[in-house]
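Colleague:
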Amino acid sequence: MSSRIEKLWADFHNWPESWKGLPEDVPYGEGLIEIYKPFIKELLPRYNYNTVNRHLNNLWLLGGELIRAINMDPEDREKTPMELLLDNIDQTGGPYCRHLDSEEQMRAYEATCRKLYKFLMARKPSERGYR
Numbered sequence: 078m079s080s081r082i083e084k085l086w087a088d089f090h091n092w093p094e095s096w097k098g099l100p101e102d103v104p105y106g107e108g109l110i111e112i113y114k115p116f117i118k119e120l121l122p123r124y125n126y127n128t129v130n131r132h133l134n135n136l137w138l139l140g141g142e143l144i145r146a147i148n149m150d151p152e153d154r155e156k157t158p159m160e161l162l163l164d165n166i167d168q169t170g171g172p173y174c175r176h177l178d179s180e181e182q183m184r185a186y187e188a189t190c191r192k193l194y195k196f197l198m199a200r201k202p203s204e205r206g207y208r
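Quick note, in this note's numbering, the sequence shown goes up one by one and the last residue is 208.
#1: Kindly indicate which residue of Thr157, Asn135 and His176 has the alpha-carbon position closest to the one of tyrosine 186.
#2: Out of curiosity, what's the CA-to-CA distance linking methionine 198 and glutamine 168?
#3: Report the three-state DSSP secondary structure of glycine 170 (helix, strand or coil).
#4: If distances are taken between C-alpha atoms only, which option among Leu138, Asp150, Glu180 and Arg154 comes closest to proline 172?
#5: Give the secondary structure of asparagine 91 by DSSP, where H, G and I count as helix, E and B as strand, and everything else as coil.
This is the structure in structure tokens:
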């Protein structure tokens, strides 16, 4: 693994803290990280640095939107991270992301959400990671 990829991977573990609005958001974010890990591990050997970086940036945005959702709707906080994720991504993309400024950024974000969904659906439920 290149040193640039290693840095991206190291930063990945700080995401739950960066997403938090409330202290209880951190464990929820850690649950999302556990779901993302196998997906990212599959991306690393298959794609170049720029592509992996783009997917990681989009996963970070997705996680932030999911944490925002649990703070806006108390019923969402009752769901497991996997349930919330699967309620928000599908074969068409993911939830609206208020941080995207262009159609190109939106297309890339939607592509990452679709790719994550396809990855999760290809696995047995017991292999999908954190519940």
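Just so it is clear, CB atoms sit at the ideal spot from N, CA and C, and this is done for glycine as well. Quantities reported herein were computed from a predicted structural model and do not represent experimental measurements.
Modeller: Let me spell this out:
#1: The residue labelled residue 186 in the question sits at position 109 within the sequence shown. Considering only alpha carbons, the answer is Asn135.
#2: Residue numbering aside, residue 198 sits at position 121 when the sequence shown is read from its first letter. Residue numbering aside, residue 168 sits at position 91 when the sequence shown is read from its first letter. Looking at the two C-alpha atoms, the distance is approximately 10 angstroms.
#3: Translated into positions along the sequence shown, residue 170 becomes position 93. DSSP places glycine 170 in strand when its eight states are reduced to three.
#4: Numbered from 1 along the sequence shown, position 95 holds the residue referred to as residue 172. Of the listed residues, the one whose Cα sits closest to proline 172 is Leu138.
#5: Numbered from 1 along the sequence shown, position 14 holds the residue referred to as residue 91. Correct three-state label for asparagine 91: coil.
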